[in-house]
Each structure stands twice: as C-alpha cells, then as structure tokens.
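Note that my numbering has the sequence shown beginning at 297, numbered continuously upward.
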Amino acid sequence: MPRQSGPSHIDLTVTDVERSAKWWEEVMGFARVHEWQQDTFRGCTLVDASGFAVSVMSHDATGRDRFEESRVGLDHLAFRVRDRAELDEWVVHLDRLGVTHTGVMEAHMGDTIVMRDPDNIQLELFVISPKDMGQLLETDPHRKR
Numbered sequence: 297m298p299r300q301s302g303p304s305h306i307d308l309t310v311t312d313v314e315r316s317a318k319w320w321e322e323v324m325g326f327a328r329v330h331e332w333q334q335d336t337f338r339g340c341t342l343v344d345a346s347g348f349a350v351s352v353m354s355h356d357a358t359g360r361d362r363f364e365e366s367r368v369g370l371d372h373l374a375f376r377v378r379d380r381a382e383l384d385e386w387v388v389h390l391d392r393l394g395v396t397h398t399g400v401m402e403a404h405m406g407d408t409i410v411m412r413d414p415d416n417i418q419l420e421l422f423v424i425s426p427k428d429m430g431q432l433l434e435t436d437p438h439r440k441r
C-alpha cells in the first residue's frame, strides 16, 4: 500500500471568512498566507508552525446555519499538544481571549480541551499518552516489524 506523510490541510466552510481567519490567527496562532476570490466562493489560507494549513471559505450558497457535528461530515478537528503542561498553557491563553472551552478533561486516549470556532466547529487540543501512542503504533499496518 502506498504511504502518505500525514495531514497537509483542511478546508472549512464558514459563514464569515474574515471573522474566522482572525479567530484562527488570534486563538490558534496560525499565520495568514493567502486570500482568494473565485466566481462563487472566497477564502483565506492560514498556516501554523508545523506547516499544517487551514483554509476558511465561504460559498455563494453557504447558509447561515451553525456547524453541527451530528450531521454527516466532520465531527471535530483535533490538534496534538506535547504534554499536560502545554494544555494548561492553552487554558490560560483561551481564558485570556475569552474563548469558551471545557478546561482539561481526561479522555479515553489522553487529556483534551474542547472548544468551538465562531461557526461552532468543534476543535480539540489533545495529548496522547506515550503508552497509547505505542499501542496505536503496534496496530499500524505500515509499521516495519
């Protein structure tokens, strides 16, 4: 089976491109790198220090509904955080910006903070424990034995 090298980017449909782009800059620390306008949609691409890109885009046909993860499609988007101490730093950062979040919760595979963007898209900051990562790698069909 051919391999892939990990995530590259995600495109999110939003109700207000500028509002969402500012949120990704201020809250998540992404840098705005490209804006575009086509006949029926416009968007903005932002990149974080790892090189992962998020594009926020709005189409002429985009409704005003808020995101709902119970519908078919995206449930949530999670970002890996190094350790619990870094999660605690995120709590302080989010609180300083007035972003509603769950605080650090113990989840089935590691500590997690859950929050939502301006369109209600669920985002997580997630620490996977070394033990759980080891178990995942053991079941990886691409891993050389």
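Glycine included, each C-beta is placed from N, C-alpha and C at the ideal position.
Rounded to the nearest angstrom, the Cβ distance from T309 to H355 is 7 angstroms, consistent with a contact under 8 angstroms. Where S354 is concerned, there is no enclosing alpha helix (DSSP H), although the beta strand (DSSP E) around it starts and stops at A349 to H355. A contact is defined here as three or more CB-CB pairs under 8 angstroms, and the segment 411-423 meets this definition with respect to the segment 368-384. Taking all protein chains shown into account, I306 has fewer than 16 neighbouring C-beta atoms within 10 Å of its C-beta and is therefore exposed.
By the C-beta density criterion, A381 is exposed, having fewer than 16 other C-beta atoms within 10 angstroms.
Contact between T396 and I409 does not hold, since the beta-carbon distance rounds to 11 angstroms and is not under 8 angstroms. Taking the Cα of D391 as reference, the smallest distance to any Cα among S304, Q300, A317 and V323 is reached at V323.
For the segment 312-352, the continuous beta strand (DSSP E) assignments of 3+ residues that do not extend past its boundaries occur at 327-333 and 337-343, in sequence order. The DSSP assignment places complete beta strand (DSSP E) segments of no fewer than 3 residues inside the segment 353-426 at 373-376, 401-403, 406-412 and 418-422, in order along the chain. Note that the C-beta distance between D413 and W319 is below 8 angstroms. Between V343 and A327 a beta carbon distance of about 6 angstroms is seen, short of the 8 angstroms cut, so the two are scored as contacting.
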